[in-house]
Amino acid sequence: MRALLVLEDGRVFHGRAFGAEGEAAAEVVFNTGMSGYQELLTDPSYYGQIVNMTYPLIGNYGVNDEDMESDRIQVAGFIVRELCRWPSNYRSQGSLEAWMKKQGIIGIEGIDTRALTRHIREAGSMNGVLSTHDESIESLKRKAQAAPHMAGRDLVKKVTCAQAYDFSDPKQQAGSPVFKVTVIDCGAKSNICRELTLRNCGVRVVPAHTPAGEILSGHPDGIMVSNGPGDPAAVPYLAKTIRELIGKIPMFGICLGHQIIGLALGGRTVKMKFGHRGINHPVKDLATGQVGITSQNHGFCVEAESLPREIEITHLNMNDNSVEGLRHKEEPVFSVQYHPEASPGPHDAAELFDRFTGMMDKHKKRG
Amino acid sequence: MPKRTDIKKILIIGSGPIVIGQACEFDYSGTQACKALKAEGYEIVLVNSNPATIMTDPEMADRTYIEPITPEVMERIIEKERPQAVLPTLGGQTGLNIAVETYNQGVFEKYKVEMIGLNIDAIHRGENREKFKAVIQGLGLDLPKSGLGRSLEEAIKAAESIGYPVIIRPAFTLGGTGGGVARNEEEFRKIARLGLENSLIHEILIEESVIGWKEFELEVMRDRRDNVVIICSIENFDPMGVHTGDSITVAPAQTLTDKEYQKMRDAGIAIIRAIGVETGGSNIQFAINPQDGRLVVIEMNPRVSRSSALASKATGFPIAKIAALLAVGYTLDEIPNDITRKTMACFEPAIDYCVVKIPRFAFEKFPGADPGLGISMKSVGETMAIGRTFREALQKGLRSLEIHRSGYEDYPKIGADLTPEILKARLAVPHAERLFTLREAIKQGISIPELYAITGIDPWFLSQLKTIIDTDQQEVGHAWENMDPAWLKKMKQEGFSDAQIAGWVGRTEIEVREKRKNLGVLPTYKLVDTCAAEFESYTPYCYSTYEEENEMDQASEQPKIMILGSGPNRIGQGIEFDYCCCHASFALQDLGYETIMVNSNPETVSTDYDTSDKLYFEPLTFEDIMNIIDLEKPLGVIVQFGGQTPLNLARRLQDAGAPILGTPVEAIERAEDRDQFAKLMLDLDMAQPENGIARSRDEVLEIANTIGFPVLVRPSFVLGGRAMRIVYDPQSLMDFVQEAFDAAEGQPVLIDKFLEDAIEVDVDAVCDGTRTVVAGIMEHIEEAGIHSGDSACVLPPHTLSEEVMNRIKKYTERIALALGVRGLLNIQFAVRRGNLYVLEVNPRASRTVPFVSKATGRPWAKIAARIMSGQTLDEIKVTESESIQHFCIKESVLPFSRFAGVDIHLGPEMKSTGEVMGIDNSFGMAFIKAQAAAGQTLPLSGRVFVSVKDDDKRDVVFIAKKLRDMGFDLVATPGTHKVLRSNSILADKVDKIGRETKSVLNLIREKKIQMIINTPFGPVGREHVRPIGTTAVAHGVPCITTLQGAQAAVNGIEARQAAALTVSPLQEWYGKSKE
């Protein structure tokens, strides 16, 4: 079946449909990772986006029950150059196509994904419509233009959990936890919880709108502000909660969590031209001078010059010098723009979780 | 961290001659290193014995030593140059091994030379199996179960405890020489013995067999701030059990989930740190059990390798250049990425295409060699192709391979009428044509699960193959009228060539091409940019595919010239031609042209993205070249420098409108066509050996009888003397003739009178249409009849008279002018009893151009390129031949140690893979240097075995006497012994082969013989001679198979006995010549 991708500026790509039939209007972004499509598809930070994979051969190793970052596919649509119909891997339990169909997600294949990437790189991320039934380019263009834009959108409310719960993964051995960590779920990837559990943390996941008081009443040793989709500036309630918690309990923020901490500390966030999405972004730790390769997925970032004096920029992106990490000089708060939980991506930054437990340990001992 | 300032002078070690397992990729890496470090202001001293390299161009380093790469030479150079540092990681295993040997002899310590990039402990941890195993286990990583053997007994014990089958890997060798798989003790004994002998440290590793597991490689880089990045992952199509050099390989890895990939990445990073590779690149190999994902570490190369060259070309990340900069103290975050300019080298390339590398084999050259593939590398070259899908890349790669296939199509060589049973049996053993055997099996309906069970090739790959085959079979008979743009684009995206499509629709390739162009189905060129288009790129390195958007900007202020490269290395066509192509590009850039390089060989300097203004990494076929010409519209196309590959296309390209530069296509044809050439010789009143052209067996015999035996028989239009033989009698002629017709592939077979006892002479010259300048005259050391590519030669000639030399020059001038040569020209002459015969004229760059350039200090390929662009020799100020005072000897390097049991005697069919050069003031010293460089260390004392054919018995007397005078003991077979005794030369008598106890084979094995002089007994004696040669090869005893070679060796030994070895850089030799 044919499928069309029409961008809001009128650029059209003709391809073949796969997965579900239908139509999706959302922001079109590209990801340069050569592996990890299943983790990416289930990452709630991609909620409300159509993702274009720059690597042309997708679906090669199928899908399985283990490599899930949430309980479902989160993207609005998926763009690949070639969908693999004969996956091969010892863990594969089915094909990408069948899975997408089951989950009701539209895909398009056979388009010049590199041309699309170059277009987005030059023109910036923009809305697009992916459709298997509307063949009118004009109509699709109008739909793309009419679709809500990412800036100003609160998407956290779409992906955060409905109720608080204690995280557990049947695959992980649960020892007796040393630390109690509350994860503020802005659309958290499961691997954040897994990494914490691995480090003897009892993990309680709470909805994003949980008030600070309620969080404090659980007496956590630490707070993790998770990744998530959308514009950080559009969720002021979260910044407010964080502001109330800073200084009271050790806090670690990842991605959207980092942006919200930045906002809570008085900084500003801006929308980037096309963001960082992939698993090869070099980030320099300014304290050690070492560079780590990181997993990234963000379209907004914290403006360096907006941060007050008590905030130290700890990490910078080597490609464009954007802020990748910060910490409060006096209070136990730090955050990174990238994904130390990886999945997909390198484990270079996994030690940040140790830093977090170290901070909790210190804080705990100090009483 | 900034670069180190305590180092001023750095010694870089090259990798020596091209051999199987070590090819042009180290010229590529060495050249990058020289350029990068020179640009940083370091003084570069270079040692490499291979003259056909760009790195040994005198402007690449400050002091260029074309000398044998031996510890002795290393010490001489260090003594003379006093470098502060030596960089051992860019010269392949040769560079690393020699660094270790030199270190062990205390030379570095004595002269206070620091090894940079890699210290001796790290080398040991990386290369010594026991230490490597300890490090890997210390990291908590898994390895195949293994044990160590320093003696056969110890090895057998280890094998028993692991359980058969086991893999045997000798420590410290080249490309896994001497390794193998043993299924039982008998096989084990055989391989283990050879492995122990081949190991520099007399040690072998015995390993649990992981044959059939998935094989992966990572290219890892580290800097001194401990930043580590992965440049590329590579997945092998052929599973474990086939050497990665012989495997089809794919980048990036295709069938790993991110979880598995990251596990491997973590392991790679941990390993490079634990081994202690301070700075630079490493290649780490892994195997994964396809059933449960168990990851085991196989091995690592703590240096730049063949795979890193491939990874560099596959990603656009210049590993060798970065490794060199890291070695002098920079860190990855300080080195800019040339391609994006705005980002730094501290990142991991993302690619948005699929890269397929396919090995090129040459089994037809070595009858009797085992065609099976195993853990010892046998391929002689490789090609790389880039596509947006695996299928497209694979098909492009297959047509790049020059095996007469236009893609993944039937291959007659696998045989007809094969039953499924035969196919299955064949598939179980990896072999060079297995891809095509698979094709036949898939066509016959053998299922993918079954094929997977037999071959261990991942079902992902097998499904891809099946898709190509299904499409191919489906489209046969597609109607010409139904060739619409959508269908055509789809087929092109699947990688099918115009020629394949022509087969379906029953038209010619040209017709398909024209229709395709009219329908607007044109290739789009995409950039290789390290970042999957995330950033803008500034380096026009591209590949073709059929997509929407073309990224190659054809606007240029400058006129453009396109240079066609030489494709995959094979015997007869290798680095020498790449050297010429690079020089053409350099020269034309200097003249203000925009140069466009087209090539498909990832090992080369020509496919470095900064060699030419634009690089098209494409198959060298009519279709792919014409597509680029259509887009770029160059002023001219150069076909003269890439060897036979572009030359064979010249006519078709010209007919399709390509502007061929230099010597007209008609002149090339006149020289190639027998009749036209004979007429030319007649017109010029020059002699050629009597000859004839035969199209049938009867004609062959008739001609041979007319001109008289012996005759030289060869197919026309083939490379490197394929299926070429000297035949002495009608019976052997009839035996051989079928092979010649087979190799000729429909073309006639040529019969020449063979001139016995003639001296062969090679001439390279340049001509601008009015003036001719002889670049160099080379006298072959072996008599005529041995392929010029295999024969050693000397420049200037040491036995030719002034009169003959002048006649050769005159002939050369007249031939060049008569043909209308514009550019390079190579002529082979034979001199016999004062008569001059013209054997062959090649109006193109020859294999010897780099050697002549190095010998004379003049860049002849550059001069030729300038002529082709329209300049005259007067304008270039090259009006006379260069006369030199020293002697330069080119010696060939043969791959016999790879092919156990094959005949090592030389003949008219070329078998060498590479060459070395020896330079010195005397012929003898230059010769012994060339021998040492080629790996034949001639003894200065000891015992020499002499056994010669009857024809040589008279002449061997002088040589034998000389050897006695020089203090050698002699051993001879009865016939030779008798001749020596009657000339009062003392020698021991030894029995011929067969009588075990006292046979010569035993003496060789017991190391009681230091040199062998053994000439073949004509056509009948060969079978008996073979064991001596193969035993000598196996035991590393110099074996000389011609009397002329023996004479030269005696001269060499004599010179060396009289004087110590001295070394001089090219820059000094040229200075001397100018004085």
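The listed protein sequences correspond, in order, to chains A and B.
Residue numbering for the first sequence follows this note's numbering, beginning at 1 and increasing consecutively.
Residue numbering for the second sequence follows this note's numbering, beginning at 368 and increasing consecutively.
Every residue gets a Cβ at the ideal spot worked out from N, C-alpha and C, and that includes glycine.
- Within the same chain, L1122, A1125, E1127 and A1197 come within 6 Å of A1151 (chain B) by CB-CB distance, once the 5 residues on both sides are set aside.
- As a beta-bridge residue in DSSP terms, M53 (chain A) pairs with A:N31.
- Annotation for D1109 (chain B): the continuous alpha helix (DSSP H) segment containing it runs P1097 to A1111.
- Residues of chain A whose Cβ lies closer than 7 Å to the Cβ of A717 (chain B) are, in chain order, T32, M34, T54, G278 and N280.
- N52 (chain A) places its beta carbon 7 Å or farther from that of I73 (chain A).
- Looking at the backbone, the Cα of F1076 (chain B) and that of I1070 (chain B) are separated by about 10 Å.
- In this model, Q451 (chain B) and K375 (chain B) are separated by some 7 Å (Cα to Cα).
- In the structure shown, G696 (chain B) adopts coil according to DSSP, grouped into three states.
- Taking 7 Å as the CB threshold, P170 (chain A) stays off the interface with chain B.
- Assignment of L1428 (chain B) by DSSP, reduced to helix, strand and coil, places it in the coil class.
- Within the model, the alpha-carbon separation for D185 (chain A) versus Y470 (chain B) is close to 60 Å.
- Along the stretch 332 to 346 of chain A, going in chain order, the ones with a CB nearer than 8 Å to a CB of chain B are A342, S343, P344, G345 and P346.
- Straight across, the Cα-Cα distance linking R1321 (chain B) with K1329 (chain B) is about 14 Å.
- When C-alpha distances from D1129 (chain B) are compared across B:K1375, B:I1194 and B:K884, the shortest belongs to B:I1194.
- The Cβ-Cβ distance between A25 (chain A) and K143 (chain A) falls below 7 Å.
- Under the DSSP definition of a beta bridge, S335 (chain A) partners with A:G253 and A:L326.
- Between V1140 (chain B) and the set B:I1074, B:F1103, B:I1182 and B:S830, the nearest pair of CA atoms involves B:I1182.
- Residue burial is scored here from C-beta neighbours: E970 (chain B) has at least 16 other C-beta atoms within 10 angstroms and is therefore classed as buried.
- Here S933 (chain B) is buried. Its C-beta has 16 or more other C-beta atoms within 10 Å.
- Just measuring C-alpha positions, the residue of B:C909, B:S1264, B:A1228 and B:A1300 sitting nearest C1255 (chain B) is B:A1300.
- Burial is judged here by how many other beta carbons sit within 10 angstroms of a residue's own beta carbon; E924 (chain B) has fewer than 16 and is exposed.
- The stretch 1207 to 1219 of chain B makes contact with the stretch 1033 to 1040 of chain B: 3 or more CB pairs, one atom from each, lie closer than 8 Å.
- Straight through space, the alpha carbons of K273 (chain A) and T241 (chain A) are spaced by roughly 29 Å.
- In the structure shown, the three-state DSSP call for P1262 (chain B) is coil.
- A direct Cα-to-Cα measurement between C721 (chain B) and C84 (chain A) gives close to 14 Å.
- Secondary structure of K479 (chain B) (DSSP, three-state): coil.
- Only residues of its own chain outside the window of five on either side were considered, and among them R72 and I73 have a CB closer than 7 Å to the CB of Q103 (chain A), listed in chain order.
- Annotation: the continuous alpha helix (DSSP H) that includes H119 (chain A) extends over T113 to A123.
- Neighbours of Q93 (chain A) across chain B, judged by C-beta separation under 7 Å, do not exist; the nearest C-beta is about 12 Å away.
- Using a CB distance cut-off of 7 Å, T822 (chain B) does not count as an interface residue toward chain A.
- Excluding its 5 nearest sequence neighbours in each direction, T1398 (chain B) has C-beta neighbours in its own chain below 6 Å: L1368 and I1371, listed in chain order.
- Ranked by how close their Cα comes to the Cα of Y478 (chain B), the residues B:M441, B:A620, B:G612 and B:R592 have B:M441 in first place.
- Proximity to E410 (chain B) across B:R443, B:A419, B:I436 and B:T372 peaks at B:T372, based on C-alpha coordinates.
- Residue ranges of uninterrupted alpha helix (DSSP H) with 4 or more members, entirely inside the stretch 1219 to 1259 of chain B and ordered along the chain, are 1227 to 1235 and 1240 to 1243.
- Only residues of its own chain outside the window of five on either side were considered, and among them L765 have a CB closer than 6 Å to the CB of R772 (chain B), listed in chain order.
- Residue contact with chain B for T182 (chain A): absent (no Cβ-Cβ distance below 7 Å to any residue of chain B).
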